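In our numbering, the protein residues as written are 699 to 757.
Even for Gly, the Cβ is constructed at its ideal location relative to N, Cα and C.
Remember, predicted model here, so these are calculated numbers, not experimental data.
The structure under discussion appears below in the form of structure tokens.
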Amino acid sequence: MGQRDDVVCPACCSEGIHSFVKQNFSYKECLACQTLIVSHRPPAEAFSRYYQGSESAKY
Ligand SMILES: [Zn+2]
């Protein structure tokens with residue numbers, strides 16, 4: 699069973715649509731009031747890419 703992405707707009711509780719992913723944050727936009735919703739849960743793909751990047755980026 700996959701995890702349901704149930705992030706809703708804090709202003710009107712409408713479901714946000716996926717907008718874009720930046721750093722480890724995924725952004726959603728509410729269609730009803732154009733509020734930008736930030737989710738802390740990164741997609742699995744971005745998470746693994748972050749790990750590979752940190753491993754090769756040694757000081
Ligand atoms: Zn809204």
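Query, Result
"Who pairs with SER717 in a beta bridge, going by DSSP?", "DSSP output for SER717 lists no bridge partner at all."
"Is TYR737 near ligand 1, with its Cβ less than 7 Å from a heavy atom?", "For the record, residue 737 in the displayed sequence is Ser; it is not Tyr. False, no ligand heavy atom lies under 7 Å from that Cβ."
"For ILE715, count neighbouring C-beta atoms within 10 Å of its own C-beta (all shown protein chains included) and say buried if the count is 16 or more, exposed if not.", "exposed"
"State buried or exposed for CYS707, treating a residue as buried only when at least 16 other CB atoms are found within 10 Å of its CB.", "buried"
"Using beta-carbon positions only, say whether PHE723 and VAL705 come within less than 8 Å of one another.", "no"
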